[in-house]
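Take 10 as the starting number for the sequence shown in our numbering and just add one per residue.
Ideal placement from N, C-alpha and C gives every residue a C-beta, glycine not left out.
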Amino acid sequence: MVEPAWLSELRPLIAGPTGNFAQLATVDTDGHPRCRTVVVREIDPDGRLRFTADVSSAKVAQIAAEPRAELCWYLIGAWRQFRLSGRLAVEAGEVQARLWDEMSDATRSQFASRADFIVYGLDVAQVETLDITVRPFARALHEREGLSWTRRAI
Ligand SMILES: Cc1cc2nc3c(=O)[nH]c(=O)nc-3n(C[C@H](O)[C@H](O)[C@H](O)COP(=O)(O)O)c2cc1C
């Protein structure tokens, strides 16, 4: 699979120390929006990305009830915003074991046990990009169709 164009734009921008902090929006069981910062741990070449959470956090029940979510990623310094929307799913097995092993002891110690450590994968279906370094601002909508992506200016 060819790497999606939005991912080729995003990758070089997230290399810095705070480049992997993004805001995850979900809804609670009343339909009220909830938004919080997460660390994006990795992104697959096809655009699927992963973050981790503690089983006791409120988002776990929210995501179980409504897996649709949006991740808003602002790259300070680059003046670029990426809004990635799709569905969340818990990832177990090899992925969960690998990310657990890759974490520092300090990060791991925040979890009562490995059983409390949840990995979420975001299956990205649509990405809106915004570049505010140019005038007029440049916005584009990337949409996945099967295994390929389309891109159009908006
Ligand atoms: C810089 C930063 C990084 C964070 N990374 C994560 C993370 O990767 N996963 C996570 O569950 N919470 C992370 N948090 C905490 C969340 O923002 C949030 O406060 C917590 O998960 C509870 O959210 P909830 O009640 O919606 O579940 C981070 C907070 C900050 C400030």
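Less than 6 Å between the CB of residue i and some heavy atom of ligand 1, yes or no?
i	result
Ala-121	no
Ala-74	no
Ser-66	yes
Ala-162	no
Phe-91	no
Val-128	no
Val-47	yes
Ala-62	yes
Arg-57	no
Arg-43	yes
Which of helix, strand or coil does DSSP assign to residue i?
i	result
Trp-82	strand
Ser-4	Within the shown structure, residues of the chain are numbered from 10 to 163, placing residue 4 beyond reach of any answer.
Pro-42	strand
Gly-102	helix
Glu-154	strand
Ala-31	strand
Ala-24	coil
Asp-140	strand
Ile-72	helix
Asp-132	strand
Are there 16 or more other CB atoms within 10 angstroms of the CB of residue i, so buried, or fewer, so exposed?
i	result
Pro-21	exposed
Gly-86	exposed
Arg-59	buried
Glu-18	buried
Thr-27	exposed
Ile-52	buried
Thr-38	exposed
Val-11	exposed
Val-128	buried
Kindly list the residues whose CB is nearer than 6 Å to the CB of residue i, restricted to its own chain and excluding five residues on each side of it in sequence; keep chain order.
i	result
Trp-158	Pro-13, His-151
Ile-163	Arg-148, Leu-150
Counting only the same chain and skipping the five closest in sequence on each side, list residues whose C-beta sits under 8 Å from that of residue i.
i	result
Arg-57	Gly-130, Leu-131, Asp-132, Val-133
Arg-96	Pro-76, Arg-77, Ala-78, Leu-131, Asp-132, Ala-134
Asn-29	Ile-23, Val-48, Val-49, Arg-50
Any heavy atom of ligand 3 within a distance shorter than 6 Å of the CB on residue i?
i	result
Phe-146	As far as ligands go, the structure on display features ligand 1 and does not contain ligand 3.
Within a Cβ cutoff of 7 Å, which residues of the same chain sit near residue i, ignoring the five residues on either side of it in sequence?
i	result
Phe-91	Trp-15, Leu-19, Trp-82, Val-136, Thr-138
Check whether the segment 120 to 136 touches the segment 145 to 158, taking contact to mean three or more Cβ pairs, one atom from each stretch, closer than 8 Å. The segment 120 to 136 makes contact with the segment 145 to 158, as at least three CB pairs between them are under 8 Å.
Would you check if the segment 57 to 73 and the segment 34 to 45 touch, i.e. whether three or more CB-CB distances between them fall below 8 Å? When C-beta atoms of the segment 34 to 45 are compared with those of the segment 57 to 73, three or more pairs fall below 8 Å, so the two segments count as touching.
Does the segment 96 to 111 touch the segment 141 to 151, meaning 3 or more C-beta pairs lie closer than 8 Å? Judged by pairs of C-beta atoms under 8 Å, the segment 141 to 151 does not touch the segment 96 to 111, as fewer than three such pairs exist.
Could you tell me whether the segment 104 to 122 touches the segment 22 to 36, using the rule of 3 or more Cβ pairs below 8 Å? These segments do not touch.
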